[in-house]
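Order-wise, the sequence lines are chains A and B.
So the first sequence is numbered by this note's numbering: it starts at 1 and just counts up by one.
So the second sequence is numbered by this note's numbering: it starts at 233 and just counts up by one.
Glycine included, every Cβ here is placed at the ideal spot set by N, Cα and C.
Comments concern the structure below.
2 protein chains.
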Amino acid sequence: MTQAPYYLKHIAYDSVIFGFSGDKLKILIIRYHNTGLYALPGGFVELHENLNDAVRRGLKERTGLDNIYLEQFYTFGDVDRYQPDVMRTILEANGHSTETYAWLLDRFLSVAYYALINYNDVVPTPDALSDSCDWYDLDQLPNLMLDHAEIVAKALQTLRANLDRKLVGMNLLPARFTMGELQKVYEAILGEKLHRGTFQRKMLGLELLKRHEKQYSGAAHKAPFLYSFGTE
Amino acid sequence: MTQAPYYLKHIAYDSVIFGFSGDKLKILIIRYHNTGLYALPGGFVELHENLNDAVRRGLKERTGLDNIYLEQFYTFGDVDRYQPDVMRTILEANGHSTETYAWLLDRFLSVAYYALINYNDVVPTPDALSDSCDWYDLDQLPNLMLDHAEIVAKALQTLRANLDRKLVGMNLLPARFTMGELQKVYEAILGEKLHRGTFQRKMLGLELLKRHEKQYSGAAHKAPFLYSFGTE
DNA sequence: ATTTATTGTCTCAGTTTGCGACAATAATAG
DNA sequence: CTATTATTGTCGCAAACTGAGACAATAAAT
């Protein structure tokens, strides 16, 4: 967080970072110091930085990960996003002068992205203004500030629409996974149960999964195959 | 076009305005005075204006139409969009001082939209800096400035992807149209021939078209039905 | 050795899709 | 007035795809 001329004015980004654990879809939410305000992880674009690079830079800081599956889905630009009181509250709670950071009190458009990551690879890390960065079940989110709830809703909607066009599900899993795990990811995203046989037939028919040896599963049933993403 | 503090800095929009005529998909392109530069119609967002409203305002100016089918599809934010020389050329060719309009020489992100309109309803109108605003066949575009060719390509790609999810084709036609005309629209968008019987069966199966009386067509064959969009 | 839970696969019926065929018909040509 | 031409609405059939249940296989637990 630096002073005014370092970032493009009026432009912010927010990222909806999806993870999958315990059969549930989750997203990363930060909480600002001493305010009780919850928000999506976001940031600003440096004067000589590509927009997409700015978002990847923020993702790296928040998750520790490079090379994340990332997709831009909408730019939010309504006037009623402009609530300088909220930003003033955050700055003051952090002991920052609202003069030095006056540029933050201006109107912002937000370019929204969603990211899909492997839950287990992540070490969620708060930024300078926040005291936590944590996973929340998608159906148990705290009240989010500004229009961030709307951003999450549109992210999920876009993710669902992309699910049958792009092969996206496996970005939420480790490199090797079972068919059952993959199906649970799809079910969590779509919010509905899928028929096991049909799902398996469809996934294998795409010829995008490589089948490996059997998994040694500590479970009381037949050991499933492991798959990885990639034809060869 | 007004002075600096009237618009949000760093933010522009561009619109890919699709029309359909003579079995071809076309888009509106403007040419800047005395420069030979071709570009998409675009504009800026007023300080207290919703982003979407700004785009509709621009569409109204360029086409004379309200209530246009409009969809945001991507925000372009690479650094190499920043080519102040191009904007300087345009300003000078129009006799504008680059001091008064210095804000135009800054870096811009562009939020891109596509619009679908009825070709026959439109009176294309140039803006203050351009001397023409005309239809061009999608496959015979002039060289477009900056990354506008890339914007057009992504617009078409998004339109194609949306074609099987949203019912979008009829926005390019008059209120009443024949099944053959509708099919030609789809073929122009997808860039491929479709089977007549299958197309008709699918469209009617959606139960979104109302069938009217026969058309008196001056053509030497059976007169087709007319349809309009809307169930009832 | 038996039970339990889950996996990989198959079959079958129902639906959708691609494609050709047929009669119907508005204008035109003879 | 009749035949021709071009295009339309519709049907039928085969191929492909989909949803759902059924069956044997098997790793761990009893």
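Beta-carbon proximity list for residue i, same chain, < 8 Å, skipping 5 on both sides
| i | result |
| --- | --- |
| A:L167 | L206, L208 and F229 |
| B:Y345 | Y245, D246, S247, V248, V287, L302, E303, Q304 and F305 |
| A:L194 | Q183, Y186 and E187 |
| B:H444 | R408, F457, L458, Y459 and S460 |
| B:N394 | E303 and V400 |
| A:V86 | L37, M145 and L146 |
Cβ separation of residue i and residue j, assumed to be a contact under 8 Å, to the nearest whole Å
| i | j | result |
| --- | --- | --- |
| A:Y274 | A:E46 | Beyond the ends of chain A as shown, which are 1 and 232, falls residue 274 of chain A; an answer cannot be given. |
| B:D255 | B:K446 | So it is not a contact: roughly 23 Å between Cβ atoms. |
| B:T390 | A:V111 | Their Cβ separation, rounded to whole angstroms, is 16 Å, which puts B:T390 and A:V111 out of contact at 8 Å. |
| B:L370 | B:R392 | So it is not a contact: roughly 12 Å between Cβ atoms. |
| A:A115 | A:I68 | 5 Å |
CA nearest to the CA of residue i, picked from the options
| i | options | result |
| --- | --- | --- |
| B:L240 | B:G401, B:A286 and B:L272 | B:A286 |
| B:E413 | B:G423, B:M402 and B:L422 | B:M402 |
| A:L65 | A:P142, A:D14, A:P124 and A:H221 | A:P124 |
| B:D246 | B:F340, B:V417 and B:Q432 | B:F340 |
| A:D127 | A:V16, A:I11, A:R31 and A:P224 | A:R31 |
| A:T63 | A:A102, A:L105 and A:S132 | A:S132 |
| B:R320 | B:F308, B:N352 and B:L336 | B:L336 |
| B:A381 | B:F250, B:A271, B:G251 and B:H242 | B:A271 |
| B:K252 | B:D317, B:N299, B:Y368 and B:H328 | Note that residue 252 of chain B corresponds to Phe in the displayed sequence, not to Lys. Of the candidates B:D317, B:N299, B:Y368 and B:H328, the one whose C-alpha sits nearest the C-alpha of B:F252 is B:Y368. |
| A:K202 | A:E99, A:R165 and A:L172 | A:R165 |
| A:D134 | A:I29, A:A155 and A:L163 | A:I29 |
| B:L404 | B:F431, B:V354, B:P316 and B:D379 | B:V354 |
| B:R313 | B:N284, B:L376, B:R428 and B:G450 | B:L376 |
| B:I259 | B:G327, B:Q372 and B:L361 | B:Q372 |
| A:L146 | A:G218, A:I90 and A:L204 | A:I90 |
| A:E49 | B:V311, B:H328 and B:L257 | B:V311 |
| B:F250 | B:G429, B:P273 and B:G268 | B:P273 |
Own chain, CB closer than 6 Å to residue i, minus 5 neighbours either side, in chain order
| i | result |
| --- | --- |
| A:P174 | N118 |
| A:A220 | none |
| A:F58 | Reading the sequence as shown, one finds Gly at residue 58 of chain A and not Phe. Around A:G58: G43. |
| B:A385 | none |
| B:K442 | S460 and G462 |
| A:L51 | V45 |
| B:M411 | Q432 |
| B:E424 | none |
| B:I428 | Note on residue identity: the sequence assigns Arg, not Ile, to residue 428 of chain B. Here the set comprises nothing. |
Close-in-space but distant-in-sequence residues of the same chain around residue i (CB under 7 Å, 5 per side omitted)
| i | result |
| --- | --- |
| B:N266 | A325 |
| B:Y448 | A455 |
| A:P84 | L105 |
| B:H242 | D338, R339, F340 and L341 |
| B:S362 | I262, R263, Y264 and H265 |
| A:G77 | L109 |
| A:N120 | P174 |
Range of the contiguous alpha helix (DSSP H) that encloses residue i
| i | result |
| --- | --- |
| B:V343 | Careful: B:V343 lies outside any alpha helix (DSSP H), inside the beta strand (DSSP E) at L341 to L348. |
| B:V287 | L283 to T295 |
| B:V384 | H380 to L395 |
| A:E92 | P84 to A93 |
| A:A188 | M179 to L190 |
| B:T433 | For the record, residue 433 of chain B in the displayed sequence is Arg; it is not Thr. That run of the alpha helix (DSSP H) goes R428 to G437. |
Start-to-end residues for the beta strand (DSSP E) that takes in residue i
| i | result |
| --- | --- |
| B:E303 | Y301 to F308 |
| A:D121 | Careful: A:D121 lies outside any beta strand (DSSP E) and carries neither H nor E. |
| A:G230 | Unbroken run through A:G230: none, as it is neither H nor E. |
| A:R81 | Counting along the chain, A:R81 falls outside any beta strand (DSSP E), and DSSP gives it neither H nor E. |
| B:K446 | L441 to K446 |
| A:Y136 | S130 to D137 |
| B:G268 | Element bounds for B:G268: n/a, residue is neither H nor E. |
| A:S21 | Y7 to S21 |
Residues from the segment 142 to 169 of chain A in contact with chain B, defined by Cβ distance under 9 Å: Here the close residues are A161 and R165.
Under 7 Å (Cβ pairs) to chain A, residues found in the segment 301 to 330 of chain B: The residues in question are Q304, Y306, T307, G309, D310 and V311.
Selection of the segment 339 to 350 of chain B by Cβ proximity to chain A, strictly under 8 Å: Correct list: R339, L341 and V343.
Short-range partners of chain A found in the segment 259 to 282 of chain B, where Cβ spacing is below 8 Å: Cβ contacts with chain A: V277, L279, H280, E281 and N282.
Members of the segment 168 to 183 of chain A near chain B, C-beta cut-off 9 Å: So the list is empty, because no residue satisfies the distance condition.
Residues in the segment 423 to 452 of chain B having any Cβ partner in chain A nearer than 8 Å: From the segment 423 to 452 of chain B, no residue has a Cβ closer than 8 Å to chain A.
Contact set between the segment 236 to 247 of chain B and chain A, restricted to residues whose Cβ is under 8 Å from the partner: Listed by position, the residues of the segment 236 to 247 of chain B near chain A (Cβ gap below 8 Å) are L240, K241, H242 and I243.
Proximal residues, the segment 281 to 300 of chain B versus chain A, C-beta separation under 9 Å: From the segment 281 to 300 of chain B, only E281, N282, L283, N284, D285 and A286 have a Cβ closer than 9 Å to chain A.
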